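Q:
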């Protein structure tokens, strides 16, 4: 992921957006290893993550990829094995490889489209709910 | 003059934006006991269905989980009153990470409604969990499901709160 690419997805539902992205990456990579990008805390799976206040999550494709990233850092041989999720005010950013493969591109598009669904964009007045 | 409740469950409902469940209830002082009964029924149903693996759905557990995952508890509380205990268990299982494997709705105007949902574990191993209902009130769970395409294939994934706003107390 040398010189990676940032895909910025505007959202007002930041925690839910991160939650959705982590669920989605688990669908893509069933053996994903999740790590807090700030604290380094590692989670075995989505269910173990407490999302409150969390701003960054690294998703490694599997245990082997996580170990390789630890050993080699941003090595070209590890392209396609890491997605970095970052929350900022009003946006979820997906940091991916500079030239992501079709699997990652499709994943990014899926997350982006999902966060454009009404449930994340529309405010419903309580009388109408 | 407003009062600050010492009841953690009431505080949870208000912090999660569901204070109207108390304020719009008549008589108001019967609201919390009624809501506790709904949760108790769901908690018991979870135990009957899932045994030792059952999630706990007591006010105390939800208060604790709200500190870890407020977005999940908020979504769950939004369906607390309209749906059946079985569907509350289903909603919580999705929030825990279960996958919507199968979803079927059979509906005929003014005649019948049938909802069939199977959940599977993304971690493998367990038998699918089947949730069924013929009560159209349970259709409320459908509007909380995340909708996604993964590699252009259809996926329902996640259970999310609606973005509700407006008065939380009667006019």
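Residue numbers (the working numbering), protein chains in the order written: chain A, 1216 to 1344; chain R, 501 to 671.
Ideal Cβ placement from N, Cα and C applies to all residues, glycine included.
Note that the structure is a prediction, hence the values are computed from the model and not measured.
(1) Could you tell me which whole beta strand (DSSP E) segments of length 3 or greater appear in the region 1251–1338 of chain A?
(2) Identify which residue in 1304(A), 1248(A) and 1275(A) has its Cα closest to the Cα of residue 1293(A).
(3) Starting from the beta carbon of residue 1241(A), find every residue of chain R whose beta carbon is closer than 7 Å, and list them in chain order.
(4) Using the Cα positions of residue 600(R) and residue 641(R), report the straight-line distance between them to the nearest angstrom.
(5) Compare the beta carbon distance of residue 1277(A) and residue 1246(A) with 7 Å and say whether it is the shorter of the two.
(6) Over the uninterrupted alpha helix (DSSP H) stretch that includes residue 1242(A), give me the two end residues.
(7) Under 8 Å between beta-carbons, which chain R residues line up against residue 1299(A)? List them in chain order, please.
(8) Below 7 Å CB to CB, which residues in the same chain sit around residue 603(R) once its five sequence neighbours on both sides are set aside?
(9) How far does the beta strand (DSSP E) with residue 528(R) in it extend, from its first residue to its last?
(10) Spatial neighbours of residue 1228(A) within its chain, please: CB distance less than 6 Å, with the 5 preceding and 5 following residues excluded, ordered by chain position.
(11) Any beta-carbon of chain A closer than 7 Å to the one on residue 648(R)?
(12) Reducing DSSP to helix, strand and coil, say where residue 573(R) ends up.
(13) If you draw a straight line from the alpha carbon of residue 520(R) to that of residue 1340(A), how long is it in whole angstroms?
(14) Take residue 651(R) as the anchor and find which of 1337(A), 1333(A) and 1323(A) has the nearest alpha-carbon.
A: Reading off the structure:
(1) 1271–1275, 1297–1303 and 1306–1311
(2) 1275(A)
(3) Residues of chain R whose Cβ lies closer than 7 Å to the Cβ of residue 1241(A) are, in chain order, 622.
(4) Within the model, the alpha-carbon separation for residue 600(R) versus residue 641(R) is close to 12 Å.
(5) yes
(6) 1229–1243
(7) Going along chain R, no residue has its Cβ under 8 Å from residue 1299(A), so there is no contact; the nearest lies around 19 Å.
(8) The answer, listed in chain order, is 617 and 656.
(9) Note, residue 528(R): premise wrong, no beta strand (DSSP E); not H, not E.
(10) The beta carbon of residue 1228(A) sits closer than 6 Å to the beta carbons of 1335 from its chain, once the five residues preceding and following it are set aside; these are given in chain order.
(11) yes
(12) helix
(13) 13 Å
(14) 1323(A)
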